[in-house]
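Using my numbering, you'd call the opening residue of the sequence shown number 4 and step up by one each time. Idealized CB from N, CA, C, for every residue including glycine.
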Amino acid sequence: MQTPSDRQGRVRQSDRGYGRGRGRGGEYRRGRENAIGTVPNIQQVTIGAFVSIVLKVDQPTGREVQGIVADVLTGGNHPRGIKVRLADGRVGRVQRMVSEETARLGSNSMSRAGRNGEEEGEVRTSVRGGERFAMRYHDVREDGGEAPPPTGYTLEAFLPPGHPLNQSSAAARDSAVTAGSPEGSASQVCPVCGKFEGDELAVSYHVAQHF
4 MQTPSDRQGR VRQSDRGYGR GRGRGGEYRR GRENAIGTVP NIQQVTIGAF VSIVLKVDQP
64 TGREVQGIVA DVLTGGNHPR GIKVRLADGR VGRVQRMVSE ETARLGSNSM SRAGRNGEEE
124 GEVRTSVRGG ERFAMRYHDV REDGGEAPPP TGYTLEAFLP PGHPLNQSSA AARDSAVTAG
184 SPEGSASQVC PVCGKFEGDE LAVSYHVAQH F
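Written out as structure tokens, the structure is:
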């Protein structure tokens, strides 16, 4: 049988448990507020502001680059920093404010950089351990010195020796020579089948029916 004192003691233990829970929750909220307070807020990070950011590829190392804000990509404060796009095209989260001289120096040095700070013609890749390596590429067509592609191909170039169409082409050339002479100007032979005979217009129409 439970006595009043037992019930009272159980209630006190329960109260102490809830007290600890509230304490931990308060510490979590304070930690989150402190985290947000370590980076510039949305009132500071505006278009034209001079900032130092961490690019996405540099998040494992925390390396920062500087520049001038061209666009704010986050709608409010963020514990890891407000995401922005710099005037040179790089995208990252703001870690601190810097002087105008520092920002312009960083922006000018990377005026032809990509979204992640890679130089033109370079692909930056993250690897395990936060290290980075760059793969450079270029268009081989820009090297020059290449021979132009051959032109003037005919059907004969793709047919094996002795193919009937090769023989028909030879017959067609002979017919063309004959057609140029006074004696053979009356008729021609089909260069494809070698059977049809007629004037130039009729043979041309007949040849078209083969294809």
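| Item | Value |
| --- | --- |
| Between the CA atoms of Ile45 and Gly79 - distance to the nearest angstrom | 6 Å |
| Beta-bridge partners of Arg88, as assigned by DSSP | Asp74 and Val94 |
| C-alpha distance - His213 paired with Phe161, whole-angstrom precision | 18 Å |
| Secondary structure of Ser190, DSSP reduced to three states | coil |
| Inter-residue spacing [alpha-carbon to alpha-carbon] between Ser190 and Pro163 | 29 Å |
| DSSP-derived helix/strand/coil call for Arg99 | strand |
| Run of the alpha helix (DSSP H) containing Val210, from where it starts to where it stops | Glu203 to Gln212 |
| Residues near Thr110 by beta carbon distance below 8 Å, same chain, minus five either side | According to the sequence as given, residue 110 is Ser; it is not Thr. Counting only Cβ-Cβ distances below 8 Å, and skipping sequence neighbours, we find Gln69, Gly70, Ile71, Leu89, Ala90 and Asp91. |
| Alpha carbon of Arg66 to alpha carbon of Leu58, nearest angstrom | 8 Å |
| Local conformation of Val54 per DSSP, three classes | strand |
| Contact under 7 Å by Cβ, Phe53 with Val87 | no |
| Coil, strand or helix - Val68 by DSSP | strand |
| Contact set for Tyr21: own chain, Cβ-Cβ below 7 Å, skip 5 residues either direction | Low confidence applies to Tyr21: its pLDDT is 47, below 50, so where it sits in the model is not reliable, and the reading given next is rough at best. If we look at Tyr21 and ignore the five residues flanking it on each side, it has no Cβ neighbours. |
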